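Residue 3 in numbering that gives the first Met the number 0 is what sits at position 4 of the sequence shown, and the numbering runs on without skipping anything. Since the structure comes first, as structure tokens, the remarks are kept for the end.
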Amino acid sequence: MKITLMVNGEEFPLDVEPRRILADVLREDCRLTGTHLGCEHGVCGACTVLVEGEAVRSCLMLAVQCDGSSVRTVEGLAGPDGEPSVLQRAFSAEHALQCGFCTPGFLMAAAGALEADPTLADHPERVEHIVGSNVCRCTGYEPIRRAIMRAAQEQQQPVT
């Protein structure tokens, strides 16, 4: 089936089997391997991407469901000049990654939440919900929570 995905601002005309999941199409056809597959049941969150600004588990979504949609992967977080985003810098500063397997999913869940709610720093319970939505076996979650809060606070500060 012929579909078109707009991934990280780039158009991808594709011919995919209707049964293929979005995660596989992103990794294999678009060559964007930052989206990781963990459990393949929608539980771990490693495959989280943004579709039309909404965080979704790409292992549970068929690529054909996204025809004509805007998809953002972890590769799309950096600025046009390749500079890491505020969120990526916060993850680094707070040591919110160890093995890194879950990191793209956390980054995308947090990016979607930060874009949807610029006042996220004022609502730590929402940050807890984001952190609790994905599985990490290395960090103990606290550095991830701190990183999301740090990025939210930095985004609230006026640019000088």
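Quick reminder that beta carbons are idealized off the backbone N, C-alpha and C, glycines included. Computed from a predicted model, the values in this text were never measured in an experiment.
Assigned secondary structure, Pro-79 (DSSP; H/G/I helix, E/B strand, else coil) = Three-state DSSP puts Pro-79 in coil, outside helix and strand.
Cβ-based burial, Thr-3 [other Cβ within 10 Å; buried from 16] = Thr-3 comes out exposed.
Please check the pair Met-107 and Thr-47, which I expect to be a contact at CB under 8 Å, by giving their CB distance rounded to whole angstroms.
-> About 4 Å separates the beta carbons of Met-107 and Thr-47, which is inside the 8 Å limit, making them a contact pair.
Of all the options Thr-72, Gly-81, Asp-121, Gly-52, which has the alpha carbon lying nearest to the alpha carbon of Thr-163?
-> A question about residue 163 goes unanswered here, because the residues of the chain that appear run from 0 up to 159.
Starting from the N-terminal side, write out each stretch of the alpha helix (DSSP H) that is 4 residues or longer and does not extend beyond the stretch 93-152.
-> Listed in chain order, they are 102-115, 123-131.
Between the C-alpha atoms of His-35 and Asp-121, what's the straight-line distance to the nearest angstrom?
-> Approximately 30 Å, taken between the alpha carbons.
Identify the continuous beta strand (DSSP E) that holds Met-5 and give its terminal residues.
-> Per DSSP, Met-5 belongs to the beta strand (DSSP E) from 1-6.
Inter-residue spacing [alpha-carbon to alpha-carbon] between Val-42 and Arg-136 | The alpha-carbon atoms of Val-42 and Arg-136 are separated by roughly 13 Å.
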